[in-house]
Amino acid sequence: MADVRPLKAVRYNKKSNLSNLVTQPYDKISPELKEDYKTRDPHNLVNVLLPEEKEGKTKYQISGETFHQWIDNEILKRDDESAFYPYRQNFNIFGENHQRSGFIGLVKVEPYSKKIIFPHEKTLTGPKKDRMALLKEGRVHYGLIFLLYKDDGKAQKIIDEAMQGKIITEFNDDFNVENQLWQLTDKEKIHSLNNAMADKQLFIADGHHRYETSLAYAQENLNDISAQYTMAMFVNINSPLVVLPTHRVVRGIKNYTPADLSEKLKKYFDVSVVDGIDATITATKSSDEITIGVFDGEKYLVAKLKNENAMKESCGNYSEAWRSLDVAVLHTLIIEKCLGITQDKVAKESAVSYHRNPKGAVKLVKSGKANCAFFLKPTSPAQVCEVALNGEVMPQKSTDFYPKLLSGITMYSLD
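Each residue of the sequence shown is one higher than the one before, counting from 138 in the numbering used here.
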């Protein structure tokens, strides 16, 4: 079902530390981080990933020209042999050591209707338009789409064996994540990995905008074989994966009062008061029930769903898997019904903002810049796949797979 192939990756040819050259995904680069990247090395990828207009040329033209100049000057070099690239990230979060591994390769882009590659998030037009302009000028994929697959052990065995060999790239990134890259060129093993992946369904964990941009470009260039593929990192869903919760801060509600929110919550939830943000997060994370943490501006609350029929009545067209998501309950019963915020406002991010740090979310509310904050447990990879298989998408920012996959560790040139 899935057409997964090796590639001759374009990689940095410089001797300097790769941490000074690669970047976080384009949508995670703040203006401050962009300036930091530019000071690290004149050939940092940010110069082509987030270019600037100059000399009467568009930023996209500048990006394409810069990339091809770097190729001509051998700052970047295409590998001689087709390969899969096993990729491992070793990291520490919340005081615990973790390891995530997979492999980089090409995948043929397919419409979602073919049920080979499945999304779990809605996309926005703006980012896709921007990335399409960049792709048309440079004809390069700089970043990785993060794909999950269910493995029977065959693919993972090949990757694990390859990672016993020589590491071709090793460095620590901005978040002190140790990144390690190998190169699998053995034709027999490549063929075995092709076969192991052929019957797989693939689930987009991260990179929906880039995938849909790749698909649109492929459909515009049907006679261009290279354009029918995009670059991805393939990760076994059965391997240890870290997914962080993304908390919500709500602002701009007229005549908002904490007492009014607390009263409305009681229609759908059993509500209890807890002492502080740490207790809120602990109670939310440890609960086996649908549980949402709340800071209403005065008190910390834990809200446990009373009756799942409330979701069935509100979202009867959705599957039970979707209705059982904490994030779906939050958006449906609290943000929409209790607070009266429409899905359109949520999509435009005019009333809801997203935060990884719960204490930062509380700080915003206490400062008066927001009304209230809501805290979630993370969505599991299994939930992602189950909802995706039903042809459904989750609310925005339902997943945050950590760490992010770096841009520039490998690149895929269509020329």
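We put the beta carbon where it would ideally sit given N, CA and C, even for glycine.
Would DSSP call Asn-184 helix, strand or coil? helix
How should Arg-121 be labelled, buried or exposed, when 16 other C-beta atoms within 10 angstroms of its C-beta is the threshold for buried? Past the edges of the chain, shown from 138 to 552, lies residue 121, and the structure says nothing about it.
Taking just the CA atoms, how far does His-235 sit from Met-300? 17 Å
Cβ contact (3+ pairs, closer than 8 Å) linking the stretch 279-289 and the stretch 364-381: yes
Measure from the alpha carbon of Lys-474 to the alpha carbon of each residue in Glu-400, Tyr-222, Glu-247, then state which is nearest. Glu-400
Between the alpha carbons of Val-584 and Tyr-174, how many angstroms are there, rounded? Residue coverage of the chain in this structure runs from 138 to 552, which leaves residue 584 outside it and unanswerable.
I'd like to confirm something about Asp-267: is its beta-carbon nearer than 7 Å to some heavy atom of the ligand HEM, or not? Absence of the ligand HEM is noted for the structure shown, with no ligands found whatsoever.
According to DSSP, is Leu-381 helix, strand or coil? coil
Run through the stretch 493-520 for me and flag every whole beta strand (DSSP E) of 3 or more residues, listed as ranges in chain order. 509-512
Which class does Glu-258 belong to by DSSP, given the choice of helix, strand or coil? strand
In this structure, how does DSSP classify Asn-316 when only helix, strand and coil are distinguished? strand
Given a cut-off of 8 Å, decide if Gln-533 and Ala-465 are closer than it, judged by their beta-carbon atoms. no
For Val-489, I'd like the list of residues in its chain whose CB is within less than 6 Å of its CB, leaving aside the five on either flank, ordered along the chain. Arg-385, Val-387, Val-483
Once DSSP output is grouped into helix, strand and coil, what is the label at Ile-230? strand
Can you tell me whether Ala-416 is helix, strand or coil according to DSSP? helix
Please go through the stretch 325-374 and give each complete alpha helix (DSSP H) segment of 4 or more residues, from N-terminal end onward. 345-357
Tell me the residue span of the alpha helix (DSSP H) that contains Phe-204. 196-209
Straight-line Cα distance separating Glu-426 from Ile-418: 14 Å
Quick one, which of Leu-170, Ile-296, Gly-201 has its alpha-carbon nearest Phe-312's? Leu-170
Residues of its chain near Asp-407, where Cβ-Cβ distance is below 7 Å and the 5 sequence neighbours each way are ignored: Lys-441, Lys-443
Excluding five sequence neighbours on each side, which residues of the same chain lie with their C-beta closer than 7 Å to the C-beta of Pro-395? Asp-433, Gly-434, Glu-435, Lys-436
Taking Leu-438 as the reference, which of Asn-446, Ile-414, Met-531, Gly-453 has the closest Cα? Ile-414
In the DSSP assignment, the alpha helix (DSSP H) including Asp-164 goes from what residue to what residue? Run containing Asp-164: none; DSSP gives neither H nor E here.
Does the beta-carbon distance from Ala-458 to Tyr-405 come in below 8 Å? no
For Gln-356, count the other beta carbons within 10 Å of its own beta carbon; 16 or more makes it buried, fewer makes it exposed. Which is it? exposed
Might you give, ordered along the chain, the residues of its own chain that have their beta carbon closer than 7 Å to the beta carbon of Leu-271, omitting 5 neighbours on each side? Tyr-197, Ser-200
Where Asp-178 and Glu-202 are concerned, what is the direct C-alpha to C-alpha distance, given to the nearest angstrom? 18 Å
Nonlocal neighbours in the same chain, by C-beta distance under 8 Å from Lys-145, ignoring five residues either side: Arg-215, Asp-216, Asp-217, Glu-218, Ser-219, Ala-220
For Glu-349, I'd like the list of residues in its chain whose CB is within less than 7 Å of its CB, leaving aside the five on either flank, ordered along the chain. Thr-260, Lys-265
Under a three-way DSSP split, which group does Leu-281 fall into? coil
Whose C-alpha, out of Ile-546, Gln-520, Gly-545, is nearest the C-alpha of Pro-256? Gln-520
The alpha helix (DSSP H) that contains Tyr-482, what's its start and end? It should be noted that the sequence gives Lys, not Tyr, for residue 482. Note, Lys-482: alpha helix (DSSP H), 480-484.
Over the uninterrupted alpha helix (DSSP H) stretch that includes Glu-298, give me the two end residues. 291-299
Reduced DSSP category for Tyr-174 - H, G, I as helix; E, B as strand; rest coil: helix
Report the partner residues of Glu-307 according to the DSSP bridge assignment. Gln-317
Among residues of its own chain, excluding the 5 on either side of Asp-288, which ones have a beta-carbon nearer than 7 Å to its beta-carbon? Asn-373, Asn-375
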